[in-house]
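Residue numbers (numbering that gives the first Met the number 0): 0 to 179. In what follows, a structure is listed as structure tokens, so that the remarks can point back to it.
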Amino acid sequence: MAQVLDVANWLLCNQESLVSKPMTNLRLNKLLYFAQVFSIMEYGKAMFHDDIEAWEFGPVVPVVYHAYKENGNRTIEPNFECENESLSVDDIAILQMINIVYSKTGTSKLVDTTHLDNSPWHKAFHEGSKIIKNDDIEEFYRPYYQEHKDRWRKKLLEKMIPAKSYRNSDGKLIIQRESF
């Protein structure tokens with residue numbers, strides 16, 4: 000299972016190529032939520048262990064929020080080497096799909112989407128449980144995911160980004176994106 004900060008770092012490192020909206024802390028947390036949703040829908044399991052909490056502006060992974068809170072509502076620029084060795088091929092496929100599906104969706108629309116009546120966020124927030132349960136995610140999103148997954152997979156295959164990889168001096172796998 001992936002570490003949530005590695006998942007967040009992948010989204011930050013790949014924002015130039017795939018995401019056309021600024022990557023703020025708010026947006027990053029919404030995309031992490033949808034990565035968890037897609038992983039549960041596609042593979043029947045969570046992508047990362049960390050709890051997703053129901054905060055006022057939607058789902059938030061606290062460790063990620065606190066890692067980037069100094070940015071406020073400004074764009075987060077990656078200031079680290081973009082490594083993907085802890086992410087599986089399945090994780091990366093889900094993250095690429097997330098970027099493709101939500102690349103043109105504004106952050107406020109992502110917030111609105113998570114706030115739908117009876118959504119997992121709505122349920123946790125209004126019942127005071129704070130933690131968004133994976134079972135609630137599965138139950139709520141299953142019909143929508145089933146309806147759209149084939150179209151999303153097709154888009155993913157059409158827009159996959161070619162990459163070159165190499166190992167750095169520490170033996171870590173580095174994946175470089177090619178511009179297109």
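Ideal Cβ placement from N, Cα and C applies to all residues, glycine included.
Inter-residue CB distance, residue i and residue j (contact presumed, cutoff 8 Å)
i, j, result
"T113", "P58", "6 Å"
"E151", "M96", "Correcting the residue type first, residue 151 is Trp in the shown sequence and not Glu. W151 to M96, Cβ: 6 Å. Contact."
"D5", "S85", "5 Å"
"L115", "A34", "Their Cβ separation, rounded to whole angstroms, is 18 Å, which puts L115 and A34 out of contact at 8 Å."
Exposed unless 16 or more other CB atoms sit within 10 angstroms - verdict on residue i
i, result
"S38", "buried"
"R26", "buried"
"D90", "buried"
"F179", "Confidence at F179 is low in this model, with a pLDDT of 37, below 50, so its placement is unreliable and the value that follows should be read with caution. Burial call: exposed."
"I99", "buried"
"M0", "exposed"
"F139", "buried"
"I136", "buried"
"E177", "Residue confidence is low: E177 scores 48 on pLDDT, short of 50, so the model does not pin down where it sits. Its coordinate-derived value is still stated next. By the 10 Å Cβ count, E177 comes out exposed."
"V88", "exposed"
"F79", "exposed"
"N13", "buried"
"A7", "buried"
"P161", "Only weak support is given to the placement of P161: the predicted model assigns it a pLDDT of 49, under 50, and the question is left unresolved by the model."
Bridge-paired residues (DSSP) for residue i
i, result
"W54", "G57"
"F209", "No answer is possible for residue 209: it lies beyond the span of the chain, which begins at 0 and ends at 179."
"I130", "E52"
C-beta atoms of residue i and residue j nearer than 8 Å
i, j, result
"A66", "W120", "no"
"V3", "V63", "yes"
"R73", "T23", "yes"
"Y144", "M46", "no"
"D50", "I130", "yes"
"Y101", "L11", "no"
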